[in-house]
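Peer 1:
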Amino acid sequence: MESAPENVHPPPTPSPFSHSDAASTHNNTTKRNVEEEVERLKIEIKRLGTLDPKDGKIKVPFGVIVKDDACANIFEALVGTLKAAKKRKVVFYESELLLQGVHDKVDIVLLIE
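In case it helps, the numbering used here puts the sequence shown at residues 9 to 121.
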């Protein structure tokens, strides 16, 4: 009668979370973080911006946000947060890409308060 090899290990116990569950959890956390950053951006635009009497919208030049110390401490990726807010139609700005210096005078318009 043959005996089992001595160095045989049992198969690993499957994780209760599949890879797709872990990815889903990560995506939900990332989405939640982006939503929180967009909400914070709205607060900062209200703080730094001015009300345009023509259309009733709050506007702030990109350069003002970039150079603000509080914003520099809050937002790790300001341009990414602005892009996410624009995609969600929370803010509007003319430029496709925002670069410090070059686009300092581009108005960031708050669409949703």
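Cβ coordinates follow ideal geometry from the N, Cα and C atoms, glycine included.
Rounded to whole angstroms, what is the Cα-Cα separation between residue 80 and residue 93?
Peer 2: Residue 80 and residue 93: Cα-Cα distance of roughly 17 Å.
Peer 1: Quick check: does the Cβ of residue 96 come within less than 7 Å of any heavy atom belonging to the ligand FMN?
Peer 2: Within the structure as shown, the ligand FMN is missing, as the structure has no ligands at all.
Peer 1: Answer yes or no: do residue 59 and residue 66 have a C-beta to C-beta separation smaller than 8 Å?
Peer 2: Taking 8 Å as the Cβ cut-off, residue 59 and residue 66 qualify as a contacting pair.
Peer 1: Would residue 118 be called buried (16 or more neighbouring beta carbons within 10 Å of its own) or exposed?
Peer 2: The residue in question, residue 118, is buried, as its Cβ has 16 or more Cβ neighbours within 10 Å.
Peer 1: Go through the region 24 to 103 residue by residue and report every complete run of the alpha helix (DSSP H) that reaches 4 residues or more, in order.
Peer 2: The qualifying runs are 27 to 56, 70 to 75, 77 to 82, 86 to 95.
Peer 1: Do residue 70 and residue 112 have their C-beta atoms within less than 8 Å of each other?
Peer 2: Yes.
Peer 1: Residue 110 by DSSP, collapsed to three states: which one?
Peer 2: Three-state DSSP puts residue 110 in coil, outside helix and strand.
Peer 1: Put residue 120 into one of helix, strand or coil per three-state DSSP.
Peer 2: Residue 120: coil per DSSP, three-state reduction.
Peer 1: Give the single residue among 100, 97, 85, 121 whose Cα lies nearest to the Cα of residue 108.
Peer 2: Nearest of 100, 97, 85, 121 to residue 108, Cα basis: 85.
Peer 1: Looking at C-alpha atoms only, which residue of 40, 42, 47 is the closest neighbour of residue 120?
Peer 2: When only C-alpha atoms are compared, the closest one is 47.
Peer 1: Is residue 64 buried or exposed, if buried means 16 or more other CB atoms sit within 10 Å of its CB?
Peer 2: Exposed, by the Cβ-count rule.
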